[in-house]
Amino acid sequence: MLEPVVVLDGTRMSDASETINMIRPGEVETLELLPSSSGGWEFGSSGSAGVIRITTRKGAQNLRRSEVEACKVPNFPGLIGF
0 MLEPVVVLDG TRMSDASETI NMIRPGEVET LELLPSSSGG WEFGSSGSAG VIRITTRKGA
60 QNLRRSEVEA CKVPNFPGLI GF
């Protein structure tokens, strides 16, 4: 029997039933059920049973707080390996 792909806080989980069983209902921020025709194409043939996309409250906060930092590093041509 085919199982849907489970994505928890943006990460694809390897064991769908175990992942769903470990989440408490109060931790869920959003839950999306995508049939194979809507979202399964993202995962190829493994998404043919659909996708369950779960975002927890903690995961939603982390996604909103994501920041990117960049800096310019000087080039030291005399150093080997850099």
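Quick note: the sequence shown, position 13, residue 12 per numbering that gives the first Met the number 0, numbers continuous. Ideal placement from N, C-alpha and C gives every residue a C-beta, glycine not left out.
Sequence-distant residues of the same chain with beta carbon closer than 8 Å to residue i, five excluded per side
i, result
"glycine 58", "Leu7, Asp8, Gly9 and Glu28"
Residue i, DSSP secondary structure in three states
i, result
"glutamate 28", "strand"
"isoleucine 22", "coil"
Length of the line joining the Cα atoms of residue i and residue j
i, j, result
"serine 65", "serine 45", "The pLDDT assigned to serine 65 is 47, lower than 50, so where the model puts this residue is not dependable, and the model offers no usable value."
"leucine 30", "glutamate 17", "16 Å"
"arginine 52", "valine 5", "6 Å"
"methionine 0", "proline 24", "26 Å"
"valine 50", "leucine 33", "5 Å"
"isoleucine 19", "serine 36", "22 Å"
Proximity test, residue i beta-carbon vs the ligand MN heavy atom, cut-off 7 Å
i, result
"methionine 0", "Absence of the ligand MN is noted for the structure shown, with no ligands found whatsoever."
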